[in-house]
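S.K.: Pasting a structure below so you can have a look.
In our numbering, the protein residues as written are 27 to 212.
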């Protein structure tokens with residue numbers, strides 16, 4: 027399918043090259059303000075070198091269709107806080123998933139040790155402070171990327187994530203993944 031100069035893995039809890047590649051691939055073909063996938067832990071690492079079709083299905087086994095949704099800034103903040111609580115809850119019985127939601131198009135500064143609902147310090151969308159009243163368009167895969175409880179006007183794009191990753195690899199030879207520092211622990 028292509029060649030990567032960057033090892034692709036999901037071994038870190040805040041950001042990882044595998045999901046940076048996945049989201050950059052979606053951003054290249056689907057216009058939106060924001061891009062989300064879940065902080066999954068599955069998928070074997072892909073070392074630098076050739077990338078096989080099987081590797082892409084290992085990252086996203088169901089080849090999900092990319093969807094878009096409209097979210098207010100307030101909904102976005104609520105969704106991110108809920109995800110941070112699932113990742114860093116002080117009660118281990120409330121921890122779920124283990125990784126922060128993967129995103130592009132935003133920069134969020136947070137304090138992992140803060141109590142529920144107060145972890146986010148500052149959020150920027152395209153270098154502008156998050157506006158709770160504004161509506162943003164988000165592209166995502168699976169309801170784990172953007173849960174059905176938030177947003178409106180969900181639309182299927184007709185684009186499937188494996189084809190989008192294949193196209194991205196074709197255009198970037200060799201592919202180099204740069205960290206986006208979307209979530210910054212302060």
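For each residue, glycine too, the CB sits at the ideal point set by N, CA and C.
In terms of residue numbering, what span does the beta strand (DSSP E) encompassing residue 211 cover?
M.R.: Mapped onto the chain shown, residue 211 falls at position 185. Where residue 211 is concerned, the enclosing beta strand (DSSP E) stretches over 209-211.
S.K.: Rounded to whole angstroms, what is the Cα-Cα separation between residue 133 and residue 207?
M.R.: Taking the chain shown and counting its residues from 1, one reaches residue 133 at position 107. Taking the chain shown and counting its residues from 1, one reaches residue 207 at position 181. Distance between the alpha carbons of residue 133 and residue 207 is about 7 angstroms.
S.K.: Answer with buried or exposed for residue 68, where buried requires no fewer than 16 other C-beta atoms within 10 angstroms of its C-beta.
M.R.: In the chain shown, residue 68 corresponds to position 42, counting from 1. With fewer than 16 Cβ atoms within 10 Å of its Cβ, residue 68 is classed as exposed.
S.K.: For residue 76, count the other beta carbons within 10 Å of its own beta carbon; 16 or more makes it buried, fewer makes it exposed. Which is it?
M.R.: For the purposes of this step, residue 76 is taken as residue 50 along the chain shown, with counting starting at 1. So residue 76 counts as exposed.
S.K.: Can you tell which of 176, 131, 205 has its C-alpha closest to the C-alpha of residue 155?
M.R.: As a position in the chain shown, residue 155 is number 129, starting the count at 1. The shortest Cα separation from residue 155 among 176, 131, 205 belongs to 131.
S.K.: So, residue 105 versus residue 172, is the Cβ gap smaller than 8 angstroms?
M.R.: In the chain shown, counting from the first residue as 1, residue 105 sits at position 79. In the chain shown, counting from the first residue as 1, residue 172 sits at position 146. Going by C-beta atoms, residue 105 is nearer than 8 angstroms to residue 172.
S.K.: Taking just the CA atoms, how far does residue 65 sit from residue 51?
M.R.: As a position in the chain shown, residue 51 is number 25, starting the count at 1. As a position in the chain shown, residue 65 is number 39, starting the count at 1. Each residue's alpha carbon lies about 16 angstroms from the other.
S.K.: Taking its Cβ as the centre, do 16 or more other Cβ atoms sit within 10 Å of residue 152, making it buried, or is it exposed?
M.R.: Here residue 152 corresponds to residue number 126 of the chain shown, with the count starting at 1. That one is exposed.
S.K.: Measure the alpha-carbon distance for residue 44 versus residue 63 and round it to whole angstroms.
M.R.: Position 18 of the chain shown, counting from 1, holds the residue named residue 44. Position 37 of the chain shown, counting from 1, holds the residue named residue 63. Spanning the two alpha carbons is a distance of roughly 11 angstroms.
S.K.: Kindly indicate which three-state DSSP category residue 58 falls into: helix, strand or coil?
M.R.: Position 32 of the chain shown, counting from 1, holds the residue named residue 58. Residue 58 falls in the coil class under three-state DSSP.
S.K.: Given a cut-off of 8 angstroms, decide if residue 93 and residue 186 are closer than it, judged by their beta-carbon atoms.
M.R.: The sequence position of residue 186 within the chain shown is 160, counting from 1. The sequence position of residue 93 within the chain shown is 67, counting from 1. No; because the gap between Cβ atoms is not below 8 angstroms, this pair is not in contact.
S.K.: Take the Cβ of residue 28 as the centre, count every other Cβ of all protein chains shown within 10 Å, and call the residue buried at 16 or more, exposed below.
M.R.: Translated into the one-based positions of the chain shown, residue 28 becomes position 2. So residue 28 counts as buried.
S.K.: Quick check: what's the CA-CA separation for residue 139 versus residue 194?
M.R.: By 1-based counting over the chain shown, the position of residue 139 is 113. By 1-based counting over the chain shown, the position of residue 194 is 168. The alpha-carbon atoms of residue 139 and residue 194 are separated by roughly 37 angstroms.
S.K.: Run through the DSSP bridge pairs and tell me what residue 136 is partnered with.
M.R.: What you label residue 136 is simply residue 110 of the chain shown in a count that begins at 1. Answer by DSSP bridge pairing, in chain order: 146, 211.
S.K.: What is the DSSP secondary structure of residue 166, reduced to helix, strand or coil?
M.R.: What you label residue 166 is simply residue 140 of the chain shown in a count that begins at 1. Strand at residue 166.
S.K.: I'd like to check one pair, residue 41 with residue 150: are the Cβ atoms closer than 8 angstroms?
M.R.: If you number the chain shown from 1, residue 150 lands on position 124. If you number the chain shown from 1, residue 41 lands on position 15. No; because the gap between Cβ atoms is not below 8 angstroms, this pair is not in contact.
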